[in-house]
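Take a look at the structure set out below.
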Amino acid sequence: MNNFTESQERLELRKAVADLGKKYGRDYFEKAAKEGRKTTELWQEAGKLGYLGVAVPEEFGGGGGDIGDLAAVCEELAAAGNPLLLMVVSPAIVGTIIAQYGTQEQKERWLPGLADGSSTFAFSITEPDAGSNSHKIITTAYRDADGWRLKGTKTYISGVDEASHVLVVARTEDARTVPPSPDGLGGTPHLKPALFLVPTDSKGFTYNEIDMGIVSPEKQFTLFFDDVLVPADALIGSEDAGIEQLFAGLNPERIMGASFATGTARLALAKATEYAKERQVWKAPIGSHQAIAHPLAESFIEIEMARLMTQKAAALYVSGDFMAAGEAANMAKYAAGEAVCNAVDRAIQTHGGNGLANEYGLVQMLAGSRLSRIAPVSREMVLNFIAQFSLGLPKSY
Ligand SMILES: Cc1cc2nc3c(=O)[nH]c(=O)nc-3n(C[C@H](O)[C@H](O)[C@H](O)COP(=O)(O)OP(=O)(O)OC[C@H]3O[C@@H](n4cnc5c(N)ncnc54)[C@H](O)[C@@H]3O)c2cc1C
Numbered sequence: 086m087n088n089f090t091e092s093q094e095r096l097e098l099r100k101a102v103a104d105l106g107k108k109y110g111r112d113y114f115e116k117a118a119k120e121g122r123k124t125t126e127l128w129q130e131a132g133k134l135g136y137l138g139v140a141v142p143e144e145f146g147g148g149g150g151d152i153g154d155l156a157a158v159c160e161e162l163a164a165a166g167n168p169l170l171l172m173v174v175s176p177a178i179v180g181t182i183i184a185q186y187g188t189q190e191q192k193e194r195w196l197p198g199l200a201d202g203s204s205t206f207a208f209s210i211t212e213p214d215a216g217s218n219s220h221k222i223i224t225t226a227y228r229d230a231d232g233w234r235l236k237g238t239k240t241y242i243s244g245v246d247e248a249s250h251v252l253v254v255a256r257t258e259d260a261r262t263v264p265p266s267p268d269g270l271g272g273t274p275h276l277k278p279a280l281f282l283v284p285t286d287s288k289g290f291t292y293n294e295i296d297m298g299i300v301s302p303e304k305q306f307t308l309f310f311d312d313v314l315v316p317a318d319a320l321i322g323s324e325d326a327g328i329e330q331l332f333a334g335l336n337p338e339r340i341m342g343a344s345f346a347t348g349t350a351r352l353a354l355a356k357a358t359e360y361a362k363e364r365q366v367w368k369a370p371i372g373s374h375q376a377i378a379h380p381l382a383e384s385f386i387e388i389e390m391a392r393l394m395t396q397k398a399a400a401l402y403v404s405g406d407f408m409a410a411g412e413a414a415n416m417a418k419y420a421a422g423e424a425v426c427n428a429v430d431r432a433i434q435t436h437g438g439n440g441l442a443n444e445y446g447l448v449q450m451l452a453g454s455r456l457s458r459i460a461p462v463s464r465e466m467v468l469n470f471i472a473q474f475s476l477g478l479p480k481s482y
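Residue numbers (our numbering): 86 to 482.
Rendered as structure tokens:
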């Protein structure tokens with residue numbers, strides 16, 4: 086990024102991805118969701134054209150770009166009506182972690198498929214009893230003569246039915262014995278995570294679909310690991326550097342989550358603007374009334390601010406300033422979550438009764454837009470982060 090504009094290369098990438106997105110369009114996404122199909126054709130074409138692997142190093146079959154490029158792909162597809170959660174998970178979180186911390190053998194084995202879209206990976210950290218407090222996760226990896234055994238449960242995990250593997254955040258048996266934290270607040274052991282790539286056809290691994298109200302071909306699942314045996318080389322990176330590795334994946338996750346939201350917000354605003362220009366119930370189009378025009382103008386501003394912060398977060402991440410990138414990625418995620426909720430809500434209001442009719446494609450976006458205030462990190466946890474780390478306020482929880 087230069088002088089607050091993206092590079093020519095990035096802009097061309099956006100244009101090419103937007104064209105691909107338009108070729109499929111929102112109808113394709115909604116029809117797939119309705120019929121219980123996946124967006125496989127789009128995923129495969131995006132992979133073939135190099136968009137999914139744009140941030141994977143060239144030596145492993147990728148485009149050699151960075152997280153800003155991948156976020157641009159995610160945003161443009163979402164703006165064309167195809168918000169792909171698996172983009173946030175597979176190339177962004179899992180791809181980044183393997184590219185940065187995998188062994189040479191792991192990189193050669195996993196990254197080319199990840200780049201061309203032929204392999205898809207899910208990512209699981211959330212647990213029913215831990216929720217936002219990842220320090221409380223109890224999925225545990227036990228050493229075994231043949232590798233590792235995993236026991237535990239994860240929930241709200243996206244795309245497991247489409248994935249060849251799940252990257253599982255677990256604590257190792259030793260780390261489970263870490264004494265309660267000295268602050269005395271509930272005796273939560275500090276998390277010392279390790280990351281394991283678990284094949285979805287492993288013995289002892291099962292998953293159940295959660296009945297969600299989100300209109301999307303991508304589904305969420307509760308996962309059960311009943312003594313699942315994985316080989317020693319399923320451990321990604323180092324057993325002792327898990328927290329650093331995890332954060333290497335979580336900042337890209339937030340940047341991608343923000344792009345997922347700003348793309349969807351752009352789509353809602355475009356629909357609202359178009360409608361406001363045409364719909365006339367008194368003497369002039371409804372968009373001439375400031376009660377309609379101002380909220381849409383506010384959305385335009387909110388979306389642009391969120392996009393700018395997302396680009397800043399990506400640039401800081403690429404520069405290697407991970408703490409500053411963390412702050413910016415959290416702020417981008419927050420701003421984008423607010424922007425998309427407001428944009429979808431205002432677009433519905435602009436459409437009046439039509440806003441709630443399936444034909445106009447807005448009511449279907451409601452639950453998906455709310456997701457951006459909850460995952461991958463909730464707005465409250467972002468505010469906690471900013472209060473504690475940016476403002477230096479005492480931690481309250
Ligand atoms: C559609 C969807 C897809 C998802 N995909 C994945 C995935 O692929 N992989 C994965 O690992 N997870 C995934 N998740 C899980 C998601 O990351 C969590 O839902 C999210 O982190 C919030 O956790 P929780 O649902 O347990 O809420 P809880 O932790 O139970 O929180 C409930 C509410 O309380 C608030 N709260 C909690 N603690 C505090 C506090 N200290 N201060 C202030 N407020 C607080 C939260 O902000 C939230 O509003 C997905 C979730 C959804 C809905």
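All C-beta atoms, glycine included, are put in the ideal place defined by N, C-alpha and C.
Here A409 is not near I340, since their CB atoms are 8 Å or more apart.
G405 is classed as exposed because its beta carbon has fewer than 16 other beta carbons within 10 Å across all chains shown. In the DSSP annotation of this structure, the continuous segment of the alpha helix (DSSP H) that includes K362 starts and ends at 327–363. The nearest non-hydrogen atom of ligand 1 is 7 Å or more from the C-beta of E247. In this structure, DSSP gives N88 a state outside helix and strand, which the three-state scheme calls coil. Closest option to D246, judged by alpha-carbon separation, among A452, I295, Y186, W233: I295. Rounded to whole angstroms, the Cβ separation of G372 and K362 is 5 Å, and the two are in contact under 8 Å. Around the CB of S92, fewer than 16 other CB atoms lie within 10 Å, so the residue is classed as exposed. Judged by DSSP secondary structure, K236 falls within the beta strand (DSSP E) whose first and last residues are 232–243.
In this structure, L447 places its C-beta atom within 8 Å of the C-beta atom of I433. When secondary structure is reduced to three states using DSSP, I295 falls in the coil class, being assigned neither helix nor strand. Under the three-pair Cβ rule at 8 Å, the region 191–201 does not count as touching the region 221–233. For secondary structure counted as the alpha helix (DSSP H) over 4 or more consecutive residues, the region 100–170 holds these complete runs in sequence order: 125–133, 152–164.
Shortest Cα-Cα distance from R234 to any of A200, W367, I222, L314 involves L314. Taking the Cα of F290 as reference, the smallest distance to any Cα among E338, E329, G237 is reached at G237. Residue nearest to S344 within the set Y360, Y109, A414 is A414 (criterion: CA-CA distance). Between M466 and S217, the alpha-carbon positions lie close to 8 Å from each other. Minimum Cα-Cα distance from P284 among the listed residues G322, F208, G146 corresponds to F208.
Fewer than three beta-carbon pairs drawn from the region 379–387 and the region 325–337 are found closer than 8 Å, and the two stretches are therefore not classed as touching. For K397, the CB contacts under 7 Å within the same chain, skipping 5 residues up- and downstream, are A413 in chain order. A410: member of the alpha helix (DSSP H) spanning 407–435, first to last residue. Cβ-Cβ distances below 8 Å link W128 to L137, L169, L171, G202, T205 in the same chain, with the five nearest sequence neighbours on each side left out; the list follows chain order. In this structure, the C-beta of N167 stays at least 7 Å away from each heavy atom of ligand 1. Between ligand 1 and S243, a heavy atom-to-CB distance of less than 7 Å is present. In this structure I321 is in contact with G187, their Cβ atoms being roughly 6 Å apart against a cut-off of 8 Å. In summary, P461 is buried, with 16 or more beta-carbon neighbours lying within 10 Å of its beta-carbon over all protein chains present.
The alpha-carbon separation between V254 and L352 amounts to approximately 34 Å. Counting along the chain, P284 sits inside the beta strand (DSSP E) bounded by residues 278–284.
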